[in-house]
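Input: a single structure, listed below in structure tokens.
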Amino acid sequence: MLSVNDLKGLLEVNRIATLPFIVAAYFQEFGFSHFPGWVPTDHGVVSVIAFMVLVVAAFLASWAAFGLLNYLDYKLGRFQGVLWSFATVTLLSFAVLGLFIAGDGTSIHMSWFVAAGAGGLYLLDVKRKTDAEIARKTT
């Protein structure tokens, strides 16, 4: 049984673990097959550099996506938090769906469901902290 402290610890870990889960899901699904042809995947150093470039690209893409989500959420005015909550629920629902259909011959690898769950928990933690900060500043 999970306690409240375990859940808080899991939410804190997801701030760091979300991006590695996404990159691991990518490599589980595609391997090095989407790298350009000039990247020799049989050399360790070049593979590590290509992996680091992929991690940086995934970080920048997720940073831009979260920034866009935040900006659009802010522009909604009185409906602030709706897009953030919708994104959280969508990712967590996709992760829970993966628990039930993982072995049923789906073409989606289980690692994508884990990555979506980590991303959903990260968004949940950000929303929780933002709401607490807003409540603290208004009182």
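All letters in the sequence shown, in the order written, are residues 91 to 229 by my numbering.
Note that the Cβ used here is the ideal one computed from N, Cα and C, for glycine as well.
request  = Keeping to the same chain, check which residues put their C-beta closer than 7 Å to that of Phe149; ignore five residues upstream and five downstream.
outcome  = Here the question's residue 149 lines up with position 59 in the sequence shown. Taken in chain order, the residues that qualify are Leu109.
message = Using 8 Å as the threshold, is the C-beta distance between Leu159 and Ala185 below it?
response = In the sequence shown, the residue the question calls residue 159 occupies position 69. In the sequence shown, the residue the question calls residue 185 occupies position 95. No, the pair does not count as a contact, with Cβ atoms beyond the cut-off.
query = Any idea if Ala208 is buried or exposed, counting beta-carbon neighbours within 10 angstroms, 16 or more meaning buried?
reply = For the purposes of this step, residue 208 is identified with residue 118 of the sequence shown, where counting begins at 1. With 16 or more Cβ atoms within 10 Å of its Cβ, Ala208 is classed as buried.
key: Uninterrupted alpha helix (DSSP H) stretches inside the stretch 155-220 (no shorter than 4 residues)   = 172-191
key: Per-residue burial, Gly121 [other beta carbons within 10 Å of its own, 16 or more giving buried]   = Taking the first residue of the sequence shown as 1, we reach residue 121 at position 31. Exposed, by the Cβ-count rule.
message = Taking its Cβ as the centre, do 16 or more other Cβ atoms sit within 10 Å of Tyr164, making it buried, or is it exposed?
response = Position 74 of the sequence shown, counted from the start, is the residue given in the question as residue 164. Exposed is the call here.
query = Going by C-alpha distance, which of Val146, Thr220, Phe190 is nearest Ser175?
reply = Counting from 1 along the sequence shown, the entry for residue 175 is found at position 85. Comparing Cα positions, the closest option is Thr220.
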